[in-house]
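Visitor: Chains as they are written, first to last, in the numbering used here: chain A, 1 to 225; chain B, 1001 to 1225. We put the beta carbon where it would ideally sit given N, CA and C, even for glycine. One structure coming up, written as structure tokens, with questions to follow.
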DNA sequence: TTTTAAATGATAGTATTACTATTACAAATA
DNA sequence: TATTTGTAATAGTAATACTATCATTTAAAA
């Protein structure tokens, strides 16, 4: 099962990039090192010039792959959500019992990520840190409506839909499956951030991710039962 | 009761600004029009130069009040959270029954805001739109730890603490009061954004805020009982 | 193997942003 | 009247977010 996921090519909406970064060494370097650099200095301070220096290339070359840094961020997130969707699919696929399936789904969403060696140029652990700290900035923009129409966020939508389905298996009468899913996915990320940076508004600890899993599982099952 | 709140001066941590905008006409104009302009063009496109043009002043004059646009955003949010805390205080103060108190608290947090004529230069409805679309950008930064230490977000923390207390009145044994509060406050804002811009991941409608109140109330009481 | 095309690198240039600094002048206050 | 305070006007700078051009390297096709 674990091998299968490695063979899956993660396809990203081709409107997000100018040139598919998967098709060249430079492209993969751009993706791999942008993850590290954004994590290191933050998205605001991140520039294509700095990235170019980092990978011994040029600003102009990077602009051949992505229109701007916003699109690059959208790409990284789309990649992440699809990767997580596969993880979720393989983790829940065989499970018969709906409750168990949902528990595993919540675990997959909330537990810390592990390095997936199938994608050599991407460090999923660092990418997840970017999801926690930067993902909101990708959609909290004035162009969100157009970008949504173009399908820039459909990878995220698909992941939510998949969890929604499981929720309806557990309780077919629950009125707000999508709302609950988007709430727990966002909450899981935010709580991780709060645990580390604004500890006074959460009981979660930054060391122990099991807290977030426990909180979310407790919440979801109480809401559904 | 309603009059009382009008007389309350909303005090903001004086490290956030260089010069208190409440102390001059220009200052109030900066606050009032920054709210409108950020709402109109988004925080990324917002600059002090554009704001200066808008209020027929100069860039340099605005820099005398705020170090940069990030601090201005932090100021606006601090103001909002304190304002909301007062609203919450006055709405829940007299209520004896803990359940009722929590219901009203959730309503205050999730229902659309109304214009509060006590603060003439501030349009609370538009400010709330900024909270929905831009507030995450205020804390999802690399300087969050220092700013947290300096108390830039204590207005938000105080609001959360107040609701947490009510939650513990309803169920003193609940393990995650702060986590639950920060989750529902963030969720309420995000769901409003999703309703308007990413409708496929929520059942909430952008016209009817009662959905969010209903979803949140249902969730919170199921979790606590 | 040569030809051709595509990808990358090197360099330059521009408009805008995010500031800082200086001076000047008017109004309020002491 | 002297002085502080607030604001305006102007200038200047480093960095950002690009675009354009052309040379060179590399890879694919003929």
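(1) Exposed or buried, what is residue 3 of chain A when buried is set at 16 or more other beta-carbons lying within 10 Å of its beta-carbon?
(2) Could you give the C-beta distance for residue 39 of chain A and residue 137 of chain A, rounded to a whole number, given that I count them as a contact under 8 Å?
(3) What residues from chain B crowd round residue 145 of chain A, counting only those whose CB sits closer than 8 Å?
(4) Alpha carbon to alpha carbon, how far is residue 216 of chain A from residue 1017 of chain B?
(5) Count the other C-beta atoms from every protein chain shown that fall within 10 angstroms of the C-beta of residue 63 of chain A, then say buried if there are 16 or more, exposed otherwise.
(6) What number of angstroms, rounded off, separates the C-alpha of residue 1054 of chain B from the C-alpha of residue 1060 of chain B?
(7) Cα-Cα, which of B/1139, B/1083, B/1095, B/1140 is closest to residue 1118 of chain B?
(8) Buried or exposed for residue 1 of chain A, going by 16 or more other Cβ atoms inside 10 Å?
(9) At the level of alpha carbons, what is the spacing between residue 1169 of chain B and residue 165 of chain A?
(10) If you compare alpha carbons, which of A/46, A/163, A/58 is closest to residue 183 of chain A?
(11) Give the residues from the region 41-63 of chain A that approach chain B closer than 9 Å (Cβ to any Cβ), ordered along the chain.
(12) Using a cut-off of 8 Å between C-beta atoms, extract the partners of residue 137 of chain A located in chain B.
(13) Would DSSP call residue 1205 of chain B helix, strand or coil?
(14) Taking 8 Å as the CB-CB limit, is residue 157 of chain A close to chain B?
(15) Pick from B/1219, B/1196, B/1200: whose alpha carbon is nearest that of residue 1208 of chain B?
(16) Select from A/177, A/47, A/106 the residue whose C-alpha is nearest the C-alpha of residue 214 of chain A.
(17) Thinking C-alpha only, which one of B/1179, B/1030, B/1157 is nearest residue 1058 of chain B?
(18) Whether or not the region 1136-1150 of chain B and the region 133-147 of chain A are in contact is what I'm after, with contact meaning three or more pairs of Cβ atoms, one per stretch, closer than 8 Å; do they touch?
(19) Identify, in the order they occur along the chain, each residue of the same chain with its Cβ nearer than 6 Å to the Cβ of residue 28 of chain A, setting aside the five sequence neighbours on each side.
(20) Measure how close the beta-carbons of residue 1125 of chain B and residue 1115 of chain B come, nearest whole angstrom, since I'm counting them as under 8 Å.
Guide: On the basis of the data shown:
(1) Residue numbering aside, residue 3 of chain A sits at position 3 when the first chain is read from its first letter. Annotation note: pLDDT 45 at residue 3 of chain A (below 50); position unreliable, no value reported.
(2) For the purposes of this step, residue 39 of chain A is identified with residue 39 of the first chain, where counting begins at 1. For the purposes of this step, residue 137 of chain A is identified with residue 137 of the first chain, where counting begins at 1. Not quite, the Cβ-Cβ distance comes to about 14 Å (not below 8 Å), so this is no contact.
(3) The residue you call residue 145 of chain A lines up with position 145 of the first chain. What residue 145 of chain A touches in chain B: 1197.
(4) Counted from its first residue, the first chain places residue 216 of chain A at position 216. Counted from its first residue, the second chain places residue 1017 of chain B at position 17. Near 38 Å, if we compare the C-alpha coordinates of residue 1017 of chain B and residue 216 of chain A.
(5) One-based indexing of the first chain puts residue 63 of chain A at position 63. With fewer than 16 other Cβ atoms within 10 Å, it is exposed.
(6) The residue given as residue 1054 of chain B occupies position 54 in the second chain. The residue given as residue 1060 of chain B occupies position 60 in the second chain. In a straight line, the C-alpha of residue 1054 of chain B is about 14 Å away from that of residue 1060 of chain B.
(7) Position 118 of the second chain, counting from 1, holds the residue named residue 1118 of chain B. When only C-alpha atoms are compared, the closest one is B/1083.
(8) Residue numbering aside, residue 1 of chain A sits at position 1 when the first chain is read from its first letter. Because the pLDDT of residue 1 of chain A is 44, which lies under 50, any placement of that residue in the model is unreliable, and the question is left without a value.
(9) Taking the second chain and counting its residues from 1, one reaches residue 1169 of chain B at position 169. Taking the first chain and counting its residues from 1, one reaches residue 165 of chain A at position 165. Straight-line Cα distance between these residues: approximately 35 Å.
(10) Numbered from 1 along the first chain, position 183 holds the residue referred to as residue 183 of chain A. Considering only alpha carbons, the answer is A/163.
(11) 41, 42, 43, 44, 45
(12) By one-based count along the first chain, residue 137 of chain A stands at place 137. Going along chain B in sequence order, the residues near residue 137 of chain A (Cβ under 8 Å) are 1136, 1137, 1140.
(13) Residue numbering aside, residue 1205 of chain B sits at position 205 when the second chain is read from its first letter. Looking at residue 1205 of chain B - three-state DSSP - the assignment turns out to be coil, as it is neither helix nor strand.
(14) Along the first chain, one-based indexing puts residue 157 of chain A at 157. For residue 157 of chain A, the answer is yes, since a Cβ of chain B falls inside 8 Å of its Cβ.
(15) Locating residue 1208 of chain B in the second chain gives position 208, counting from the first residue. It is B/1196 whose Cα lies nearest to the Cα of residue 1208 of chain B.
(16) Counting from one through the first chain, the residue named residue 214 of chain A turns up at place 214. Here the closest residue by C-alpha is A/106.
(17) In the second chain, counting from the first residue as 1, residue 1058 of chain B sits at position 58. Checked all of B/1179, B/1030, B/1157; the closest Cα to residue 1058 of chain B is B/1030.
(18) yes
(19) Translated into the one-based positions of the first chain, residue 28 of chain A becomes position 28. Same-chain partners within the cutoff: 121.
(20) Counting from one through the second chain, the residue named residue 1125 of chain B turns up at place 125. Counting from one through the second chain, the residue named residue 1115 of chain B turns up at place 115. Right, the Cβ-Cβ distance comes to about 6 Å (below 8 Å), so this counts as a contact.
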